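Under the numbering used here, the first residue of the sequence shown carries the number 168, and numbering increases by one thereafter.
Using N, Cα and C, we set each Cβ at its ideal position, and we do this for glycine too.
Computed from a prediction, not measured in an experiment: that's the story for all the values here.
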Amino acid sequence: MFTRFFKWRRIRRSTFFAFFSYTSLIVSAGIVVGLSVWIWNVVKGLGTVIVPLHRTVYYGIDYLGQPSLLLFLPAFGLLMLCIHCGLGLFLYTRDRFFSYFLWTSVVLLELFLALGTVTIVRNL
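As structure tokens, then:
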């Protein structure tokens, strides 16, 4: 259905998109694993201290909690990686362009989660 409307025939057969999408999945998985290991080491070193988990420009620190709650960011990234991989594999037989789009968009999501994690841990 989408192939006739958008005419992605030349793009669908391109090996560049295939290589980039598989590489992006590996990079995303590496980011998730790296964040998980890094946060686990930070959490072990903090103990039971209450840490700021969210702050705003106007009100300052909004949300305090246990350091183990920092592990939710990589867990959310892993969940999104699994969902994007599953949907990409489902759409791969129908229209490869959208599966490549899903697989490469997860890299941006992981980078933004990494940026948020680094910001939170840096301000501890």
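| query | result |
| --- | --- |
| Mind checking whether V288 and S195 have CB atoms under 8 Å apart? | no |
| Counting only runs that start and end within the region 194 to 277, where is the beta strand (DSSP E) found for 3 or more residues in a row? | 218 to 223, 227 to 232 |
| Between L269 and L280, what straight-line distance do the alpha-carbon atoms span, to the nearest angstrom? | 17 Å |
| Rounded to whole angstroms, how far is the Cβ of E277 from the Cβ of G244, which I believe are closer than 8 Å? | 5 Å |
| Under 8 Å, with one C-beta from each stretch per pair, do the region 190 to 209 and the region 223 to 240 reach the 3-pair mark? | yes |
| Using the Cα positions of Y259 and F265, report the straight-line distance between them to the nearest angstrom. | 8 Å |
| By how many angstroms is the C-alpha of H221 removed from the C-alpha of C252? | 29 Å |
| In or out: L256 buried (at least 16 other Cβ within 10 Å) or exposed? | exposed |
| Answer with buried or exposed for Y226, where buried requires no fewer than 16 other C-beta atoms within 10 angstroms of its C-beta. | exposed |
| Just to confirm, is the Cβ distance from V199 to L248 under 8 Å? | yes |
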